[in-house]
Amino acid sequence: MALLEYDINESKSITAIILVNVVGPAAYITQPGLVQGFVEQLSFTEQQAGFIAASEMGGVAITAIFFMFLTGVLNWRTAIAVASIVMFVGNGTSILVDDPVAFAIARGIVGVGEGVLISLGFTMLGLTRQTDRNFGYMVMWLLLFGAIFIALMPMIFAQLGMTGVLLVFMLMSIVPLLLRNNLPEQPPASAIAIENSNLSPPIIRTLAVFSVLLFFIGIGAIWAYLFLLGLRAEGSEQNVANTIMVAQFVGAAGAFFTATLADRFGRFIPILATLIVCILSQLLMTDGVVFAQYVSGVLLFNFCLNMAHPYLFALLSTLDRSGGIIRYAIAAQMLGIALGPSIAAAVIQNDDLGNVTSVSIVFLTLALVTLIPALRFTRRLPSEEALQAQ
């Protein structure tokens with residue numbers, strides 16, 4: 395059967411999966427620049443911009459929740475093709491409307507397509523061998539794209555306004571459509587064979603997925619307002635854009651470090667240390683700091699965040715080697731990303747952004763606490779190499 399002959403670990407397949415995972419979250423990874431563009435280019439208020447960002451991520455989250463149940467029955471290639479078309483149409487519609495409500499609806503439509511790409515892309519990557527390495531490389535390439543695009547945003551805004559940015563997203567949405575033949579149509583037979591061979595108790599997996607939700611609420615809250623926090627620190631638009639660009643490169647270095655290190659020294663200490671630094675670094679970014687502090691905070695935050703991210707999903711793959719837990723984690727991630735900007739927008743008072751970092755710190759701390767049982771449990775599990783040798 396064609397399904398059995400397909401090798402998800404071939405280089406062309408992994409490359410295609412990584413590209414799908416770059417296109418799907420492209421709007422999210424450039425969200426600080428987009429939110430600033432919503433305010434400066436489209437004259438939306440800061441709260442409206444936050445809710446628009448949440449609308450797009452809400453579309454992603456709703457789709458990811460549905461895909462918890464649909465991933466095993468849909469043809470993955472067909473779903474990717476439909477998602478590409480939906481994103482193309484949604485981005486085109488965004489260019490044509492200027493009312494904040496209509497714009498938010500258009501971005502929500504784009505989010506539905508993005509949710510399909512992210513759900514399937516992460517699921518596919520979780521089924522590959524060497525998940526630490528593959529998730530690390532995926533995050534690295536996503537961040538490199540984000541770094542370059544955010545750096546170019548001020549120039550694009552000056553020449554073409556928000557239309558120019560949306561045109562780029564329209565063109566990118568075609569890429570997964572062109573790559574669909576290099577993607578699996580259904581889960582590989584090896585994953586189906588171990589669908590019920592979970593090695594961890596349900597409570598451990600539930601807490602781990604819940605920690606993903608908390609983690610990404612915290613990340614979503616700060617990420618949407620990162621550009622505006624830089625402006626509050628008296629940085630110019632270009633200097634803030636340059637800072638976030640450099641931070642994306644630094645984040646890519648963190649992801650590359652994870653890909654290189656993999657699980658050589660386990661995951662307990664790397665995840666614990668990176669989350670603690672993510673929390674503490676936000677004290678350097680809160681409203682009212684000087685620009686040099688903001689720069690230091692953003693660089694530290696991005697390095698540790700993107701070192702922790704691949705480890706987190708590799709940890710989940712270890713808890714459930716069938717890949718089933720990844721579907722739930724993706725839904726939790728997207729829901730967290732959607733809720734984060736909404737919660738942050740709700741706590742803004744009198745244009746004071748100080749509460750934004752407070753929200754992020756609280757949720758990241760809770761994520762760290764709820765993740766500890768899974769970290770402790772995986773210390774007792776056999777390594778991937780040992781399982782392959784059986």
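Counting from 1 along the sequence shown, just add 394 to a position and that's the residue number in the working numbering.
The C-beta atom is built at its ideal place from N, Cα and C for all residues, glycine as well.
Range covered by the alpha helix (DSSP H) that runs through residue i
i: residue 576; result: Segment: none, residue 576 is in no alpha helix (DSSP H) and carries neither H nor E.
i: residue 680; result: From DSSP, residue 680 is part of no alpha helix (DSSP H); its letter is neither H nor E.
i: residue 709; result: 685-713
i: residue 430; result: 425-434
i: residue 526; result: 525-566
i: residue 601; result: 596-617
i: residue 767; result: 748-772
i: residue 624; result: 620-626
i: residue 720; result: 718-741
i: residue 674; result: 662-675
i: residue 450; result: 440-464
i: residue 789; result: With the chain covering 395 to 784 only, the question about residue 789 has no answer from this structure.
i: residue 644; result: 631-655
Between the CA atoms of residue j and residue i - distance to the nearest angstrom
i: residue 467; j: residue 707; result: 23 angstroms
i: residue 677; j: residue 683; result: 9 angstroms
i: residue 772; j: residue 603; result: 15 angstroms
i: residue 578; j: residue 506; result: 21 angstroms
i: residue 662; j: residue 728; result: 24 angstroms
i: residue 751; j: residue 401; result: 44 angstroms
i: residue 757; j: residue 660; result: 24 angstroms
i: residue 640; j: residue 718; result: 35 angstroms
i: residue 423; j: residue 595; result: 33 angstroms
i: residue 620; j: residue 712; result: 32 angstroms
i: residue 672; j: residue 770; result: 21 angstroms
i: residue 741; j: residue 732; result: 15 angstroms
i: residue 475; j: residue 571; result: 5 angstroms
i: residue 519; j: residue 495; result: 35 angstroms
i: residue 460; j: residue 709; result: 23 angstroms
i: residue 444; j: residue 532; result: 27 angstroms
i: residue 753; j: residue 615; result: 7 angstroms
i: residue 370; j: residue 720; result: Absent from the structure is residue 370, since the part of the chain shown begins at 395 and ends at 784.
i: residue 645; j: residue 636; result: 14 angstroms
i: residue 365; j: residue 687; result: Residue 365 falls outside the range modelled here, since the chain spans only 395 to 784, and no answer is possible.
i: residue 545; j: residue 638; result: 8 angstroms
i: residue 450; j: residue 512; result: 13 angstroms
i: residue 458; j: residue 743; result: 32 angstroms
i: residue 726; j: residue 631; result: 33 angstroms
i: residue 556; j: residue 658; result: 44 angstroms
i: residue 730; j: residue 576; result: 30 angstroms
i: residue 698; j: residue 565; result: 31 angstroms
i: residue 515; j: residue 473; result: 11 angstroms
Same chain, Cβ closer than 6 angstroms to residue i, five either side skipped, listed in chain order
i: residue 643; result: 541
i: residue 530; result: 649, 652, 653, 704
i: residue 736; result: 448
i: residue 563; result: 485
i: residue 481; result: 504, 507, 567
i: residue 734; result: 611, 614, 615
Option nearest residue i by Cα separation, candidates the options
i: residue 597; options: 514, 767, 450, 415; result: 767
i: residue 738; options: 611, 575, 667; result: 611
i: residue 509; options: 539, 492, 477; result: 477
i: residue 483; options: 743, 536, 503, 491; result: 503
i: residue 524; options: 408, 459, 672; result: 408
i: residue 517; options: 666, 538, 463, 572; result: 463
i: residue 414; options: 732, 760, 470; result: 470
i: residue 574; options: 667, 454, 411, 539; result: 411
i: residue 702; options: 721, 613, 635; result: 613
i: residue 696; options: 580, 647, 556; result: 647
i: residue 456; options: 724, 743, 759; result: 724
i: residue 568; options: 420, 479, 730, 438; result: 479
i: residue 452; options: 419, 658, 631, 515; result: 419
i: residue 599; options: 406, 714, 427; result: 714
i: residue 667; options: 700, 689, 690; result: 700
i: residue 439; options: 405, 622, 543; result: 622
i: residue 543; options: 427, 698, 691; result: 427
i: residue 405; options: 429, 421, 522; result: 522
Nonlocal neighbours in the same chain, by C-beta distance under 7 angstroms from residue i, ignoring five residues either side
i: residue 492; result: 436
i: residue 500; result: 484, 487, 488, 491
i: residue 764; result: 601, 604, 605, 608
i: residue 680; result: 748, 751
i: residue 746; result: 681
i: residue 425; result: 447, 617, 618
i: residue 792; result: Only positions 395 to 784 of the chain appear in the structure, and residue 792 is not among them; the question remains open.
i: residue 498; result: 445, 446, 449
Closer than 7 angstroms: residue i CB and nearest the ligand COA heavy atom
i: residue 488; result: For the structure depicted, the ligand COA is absent and the ligand set is empty, with no information on it obtainable.
8 angstroms Cβ shell around residue i - same chain, five flanking residues per side excluded
i: residue 388; result: The displayed coordinates of the chain run from 395 to 784. Any statement about residue 388 would go beyond what the structure contains.
i: residue 551; result: 431, 434, 435, 558, 559
i: residue 554; result: 561
i: residue 665; result: 702, 705, 706, 709, 765, 769
i: residue 416; result: 532, 535, 536, 539
> Counting only runs that start and end within the segment 486-520, where is the alpha helix (DSSP H) found for 4 or more residues in a row?
Replying inline: Along the segment 486-520, the alpha helix (DSSP H) occurs as fully enclosed runs of 4 or more residues at 494-520, listed in sequence order.
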